[in-house]
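Inspection log for the structure reproduced underneath, given as structure tokens.
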Amino acid sequence: PVPLVAADDPAAGFLAGLTARDPGDLAAALSGAPAASPEVRLALARVSIELGDLSAADEIITAFGAEREDDWRADWYRAVRDLAGGRPGMAAAMFDDLYDLMPGELAPKLALAFCAELQGDTATAAAHYETVWRTDPTYVSAAFGLARTRLAVGDRRGAQAVLDSVPRVSSYYVSAQLAVVATTVRGSAPGELDPPTLVATGRRLTGLNLDTERRDRFTAEVLEAALAWLRHGGDPGGATQVLGTALDEHDLRLKLESVYRHLAKLADRPDVRHAMVRRANAVRPRTLL
Numbered sequence: 100p101v102p103l104v105a106a107d108d109p110a111a112g113f114l115a116g117l118t119a120r121d122p123g124d125l126a127a128a129l130s131g132a133p134a135a136s137p138e139v140r141l142a143l144a145r146v147s148i149e150l151g152d153l154s155a156a157d158e159i160i161t162a163f164g165a166e167r168e169d170d171w172r173a174d175w176y177r178a179v180r181d182l183a184g185g186r187p188g189m190a191a192a193m194f195d196d197l198y199d200l201m202p203g204e205l206a207p208k209l210a211l212a213f214c215a216e217l218q219g220d221t222a223t224a225a226a227h228y229e230t231v232w233r234t235d236p237t238y239v240s241a242a243f244g245l246a247r248t249r250l251a252v253g254d255r256r257g258a259q260a261v262l263d264s265v266p267r268v269s270s271y272y273v274s275a276q277l278a279v280v281a282t283t284v285r286g287s288a289p290g291e292l293d294p295p296t297l298v299a300t301g302r303r304l305t306g307l308n309l310d311t312e313r314r315d316r317f318t319a320e321v322l323e324a325a326l327a328w329l330r331h332g333g334d335p336g337g338a339t340q341v342l343g344t345a346l347d348e349h350d351l352r353l354k355l356e357s358v359y360r361h362l363a364k365l366a367d368r369p370d371v372r373h374a375m376v377r378r379a380n381a382v383r384p385r386t387l388l
């Protein structure tokens, strides 16, 4: 979470009008701010952290804290800086102090969850993530964090249930649904899958509004999982289809070859294009000629 911009800051209107999302573009835009107001400096600190320039961020935060000793946001950005610098323990101590300062606030609890996750304390992370997600479902990052903690302890279904709880109206709904697809097929042993799961995963993917490249990439993952399941001795038990392709080795290979060749055409880098062509050649059905 990012602290809200103070409405009475001289540059509040300027900051509200910024549309750049790339940190580099945002840094350039901030350099043209009408005044080096407190909010502009905090924004520059945040962007510096995102760009990996922690020394620049530290200078800004130190100066800000010296001028505004009672402003809790100096400690917030110090903690974020420590997180970015690979010091989650130090960050957690500051976020804990901030939570004591603002008991009941969800932002520091979410930050504490992330710190605990980075330190390998899955149980604490899961408890914090769940509290945040159940209290305020607008904190979608808490749902993804909770799903990660479920996966960390091998609870694949639990992770999928959390991701499925992200509402359709959320701008992260599609990402959550793709994460369900990914958790179903990635890392699953072929014996853990079955025709109903493969079919349902394909239907879930079909129901999402995706760009062509993302659809093809996830289609390939699902069909690769289906092929691995079949080669592991899976019995389709009838004319079952996954993403419009029969659960038959020849048909799956043919479809995968087509998908990989299409991804090769879409690739904008030679190495990616060559990798897709190699995959297409590797998976294509075997012939005698």
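Note that my numbering has the sequence shown beginning at 100, numbered continuously upward. Note that CB positions come from ideal geometry on N, CA and C, so glycine has one too.
Going by DSSP, Asn308 is part of no alpha helix (DSSP H) at all; its letter is neither H nor E. Ala242 carries a helical assignment under DSSP once its states are collapsed to helix, strand and coil.
The beta carbon of Cys214 lies closer than 6 Å to those of Pro187, Ala190 and Ala191 in the same chain, with the five residues before and after it left out. At least 8 Å separates the beta-carbon of Ala212 from that of Val239. In the DSSP assignment, Asp350 falls within the alpha helix (DSSP H) that extends over Glu348 to Leu365.
For the pair of segments examined, the segment 284-297 was found to touch the segment 318-337: the number of CB pairs separated by less than 8 Å reaches three.
Leu117 and Ile159 have their C-alpha atoms some 20 Å from each other. Glu138 counts as buried, since no fewer than 16 other beta carbons sit within 10 angstroms of its beta carbon.
Contact annotation: Val341 and Gly290 have beta-carbon atoms that are not nearer than 8 Å. The secondary-structure analysis by DSSP pairs Val341 across a beta bridge with Thr344. Using a Cβ distance threshold of 8 Å, Met193 and Ala178 count as a contacting pair.
Our two residues, His349 and Val273, have alpha carbons roughly 31 Å apart in a direct line. Under the three-state reduction of DSSP, Val231 is assigned to helix. Its chain contains Thr339 and Val341 as the residues whose beta carbon lies nearer than 7 Å to that of Val298, once the 5 sequence neighbours on both sides are disregarded; these appear in chain order. About 15 Å separates the beta carbons of Val101 and Ala126, which is beyond the 8 Å limit, so they are not a contact pair. For Leu117, no alpha helix (DSSP H) segment is defined, and its DSSP state is neither H nor E.
For the pair His373 and Asp315, the CB atoms are not nearer than the 8 Å cut-off.
Counting other Cβ atoms within 10 Å of its Cβ, Pro384 stays below 16 and is therefore classed as exposed. Separation of the CB atoms of Ala132 and Ala110 is rounded to 5 Å, and the pair is thereby assigned contact status at 8 Å. Each residue's CA atom was taken as its position, placing Ala345 and Tyr198 some 54 Å apart. In the displayed model, Trp171 falls within coil according to three-state DSSP, outside both helix and strand. Annotation for Pro122: the continuous alpha helix (DSSP H) segment containing it runs Pro122 to Leu129.
Secondary structure at Val268: coil, using DSSP grouped into helix, strand and coil.
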